[in-house]
Amino acid sequence: MSHKISRFIDSMWYGQRPVALLFVPLSWLFGVIVKLRAWLYKKGWLRSTCLSVPVIVVGNITVGGTGKTPIVIWVAELLKSAGYKPGVISRGYGGIASSWPQQVREDSDSRVVGDEAKILARRTQCPVAVGPSRADSAQALIDHHHCDIIISDDGLQHYALQRDIEIAVVDGERRYGNRYLLPAGPLREPVERLESVDFIVCNGLANKHEYPLRVDGSEAVMLVDESERLDLQSFRAAECHAIAGLGNPSRFFSHLKKFNLSFEPHIFPDHYKYTEKDINFNDEKQVLMTEKDAVKCTHMATRKHWYVPIKAQMTQNFGLTLLSLIKEKING
Numbered sequence: 001m002s003h004k005i006s007r008f009i010d011s012m013w014y015g016q017r018p019v020a021l022l023f024v025p026l027s028w029l030f031g032v033i034v035k036l037r038a039w040l041y042k043k044g045w046l047r048s049t050c051l052s053v054p055v056i057v058v059g060n061i062t063v064g065g066t067g068k069t070p071i072v073i074w075v076a077e078l079l080k081s082a083g084y085k086p087g088v089i090s091r092g093y094g095g096i097a098s099s100w101p102q103q104v105r106e107d108s109d110s111r112v113v114g115d116e117a118k119i120l121a122r123r124t125q126c127p128v129a130v131g132p133s134r135a136d137s138a139q140a141l142i143d144h145h146h147c148d149i150i151i152s153d154d155g156l157q158h159y160a161l162q163r164d165i166e167i168a169v170v171d172g173e174r175r176y177g178n179r180y181l182l183p184a185g186p187l188r189e190p191v192e193r194l195e196s197v198d199f200i201v202c203n204g205l206a207n208k209h210e211y212p213l214r215v216d217g218s219e220a221v222m223l224v225d226e227s228e229r230l231d232l233q234s235f236r237a238a239e240c241h242a243i244a245g246l247g248n249p250s251r252f253f254s255h256l257k258k259f260n261l262s263f264e265p266h267i268f269p270d271h272y273k274y275t276e277k278d279i280n281f282n283d284e285k286q287v288l289m290t291e292k293d294a295v296k297c298t299h300m301a302t303r304k305h306w307y308v309p310i311k312a313q314m315t316q317n318f319g320l321t322l323l324s325l326i327k328e329k330i331n332g
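The sequence shown runs 1 to 332 under UniProt numbering.
Have a look at this one:
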């Protein structure tokens, strides 16, 4: 998807542009399909796999990034500290593997398994598998790594896999945009879908009945030598370049502004396949990017290129409530 098309769609969904009304009939049709599909799974007319271990789905009801991946990492760390052996599954969006599922390691090629999957393997230190069938990916982790609980990165709408706990992540700034279903708006499912999930986590200012997500990320890591780390404050001395290929790039830029950095933003579509000219600007300015972008750019990087790892911070109450619900599900 070109930059111009991506920006047009974003402004239509989140800028309350009247042009969205032209697509409302298609949204109605999409809504009928969504409800029919959910009803067919509920009645058992479409096959849904039940695994032998609990499944936690971390997803959202909107297209684009809301901050799911940091939550998945946080939940994985919580489960490990509680004595579980979690495995993580994902779609592997953008991966070009010839066979699925694919097990993911820290040194896996992001072009084969997808950019987010490599981050999950590196940051969680858990077994990770990706593929179009989340049930097959999960079963592979159970069979080969003896995982006793599965975390699905995204997949709230993947009803082919039964789940025990659903965590929906909401963008606190953009929320649900114009509240239309695709393609007139950003919604994959109606907002009412959130009434059936177990937890709503808000990346930003939380409303009542939502758990607040706070993100930390105060240092930058050099792509070509990860032992080199600098506090973000160190980049205040001169203007930088800032790269973001996310569902919501403004979140990364807003994070940098918290540290009073001066930078020229460079926006790319989500899951963008970078070339060398995209990240090299023929000047001496330092280049900051997201960790998601970094896994695709390391082989093209120089000592001017840095990524900013983000870490989720959740309340103790959220962790205790989640662990309690897991035990309740296991004990039946």
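From the three backbone atoms N, C-alpha and C, an ideal C-beta is built for every residue, glycine too.
- For LEU320, which residues of its own chain have a beta-carbon under 6 Å away from its beta-carbon, when the five flanking residues on both sides are left out? none
- Task: Pull up the CB-CB distance for ARG163 and ILE61, whole angstroms please, since I reckon it's below 8 Å.
- Result: In fact, because the Cβ distance is near 15 Å, the residues do not count as touching under 8 Å.
- Message: What does the Cβ neighbour count give for GLY59, buried or exposed, with the cut at 16 atoms within 10 Å?
- Response: buried
- Item | Continuous alpha helix (DSSP H) stretch holding GLY319: start and end | 316-331
- Task: Classify SER218 as helix, strand or coil using the three-state DSSP reduction.
- Result: coil
- residue 345: which of GLY155, LYS273, GLN313, SER227 sits nearest, CA to CA? Limits of the chain in this structure are 1 at one end and 332 at the other, which puts residue 345 out of reach.
- Task: Identify every run of the alpha helix (DSSP H) within the segment 129-212, keeping only runs that are complete inside it and at least 4 residues long; order them along the chain.
- Result: 134-145
- Query: Pick from TYR14, ALA121, ASP115, ALA184: whose alpha carbon is nearest that of GLU106?
  - Reply: ALA121
- Message: As an exercise, report each continuous alpha helix (DSSP H) stretch of at least 4 residues that is fully enclosed by the segment 251-286, in chain order.
- Response: 276-279
- Item | Assigned exposure category for ARG174 - 16 Cβ within 10 Å defines buried | buried
- Looking at the structure shown, is ASP10 part of a helix, part of a strand, or coil, going by DSSP? helix
- Message: Once the 5 residues before and after LYS292 are set aside, which same chain residues still bring their CB inside 8 Å of it?
- Response: THR69, ASP115, GLU116, ILE119, GLY245, LEU246
- Message: Assuming ASP231 is part of the beta strand (DSSP E), what are its boundary residues?
- Response: 229-231
- Query: For ILE200 versus PRO54, is the C-beta distance shorter than 9 Å?
  - Reply: no
- Query: Would you report the Cα separation of ILE326 and CYS50, rounded to the nearest angstrom?
  - Reply: 16 Å
- Query: Counting along the chain, where does the alpha helix (DSSP H) carrying PRO86 start and finish?
  - Reply: Unbroken run through PRO86 is the beta strand (DSSP E), 86-90; no alpha helix (DSSP H).
- Query: To which residues of the same chain is residue 336 closer than 7 Å at the C-beta, ignoring the five residues directly before and after it?
  - Reply: Outside the modelled stretch of the chain, which goes from 1 to 332, sits residue 336, for which no answer is possible.
- Query: If you draw a straight line from the C-alpha of ASP176 to the C-alpha of LEU156, how long is it?
  - Reply: According to the sequence displayed, residue 176 carries Tyr and not Asp. Straight-line Cα distance between these residues: approximately 16 Å.
- Alpha-carbon spacing of VAL57 relative to LEU256, whole angstroms: 30 Å
- Message: Excluding the 5 residues flanking SER27 on each side, which residues of the same chain have their C-beta closer than 7 Å to its C-beta?
- Response: TYR180, LEU181, LEU182, PRO183, ALA184, GLY185
- Can you give the Cα-Cα distance for PHE23 and ARG236, rounded to whole angstroms? 44 Å
- Contact between the segment 293-300 and the segment 218-228 (3+ Cβ pairs under 8 Å): yes
- When DSSP labels each residue in this structure, what does CYS297 get in the three-state scheme? helix
- Cα-Cα separation, PHE30 to GLU228: 48 Å
- Task: Could you tell me which residues DSSP pairs with residue 335 in its beta bridges?
- Result: Residue coverage of the chain in this structure runs from 1 to 332, which leaves residue 335 outside it and unanswerable.
- Message: Between VAL170, ASP283, VAL308, which has its C-alpha nearest SER234's C-alpha?
- Response: VAL308
- Message: So, for GLY131: in the same chain, excluding its five sequence neighbours on each side, which residues have a beta-carbon less than 7 Å away from its beta-carbon?
- Response: GLY92, TRP100, PRO101, GLN102, SER137
- Can you give the Cα-Cα distance for ASP10 and GLN16, rounded to whole angstroms? 10 Å
- Query: Can the beta-carbon of SER6 be found closer than 9 Å to that of PRO265?
  - Reply: no
- Give the DSSP-derived three-state secondary structure of THR69 in the structure shown. helix
- Delimiting residues of the alpha helix (DSSP H) encompassing VAL34: 24-43
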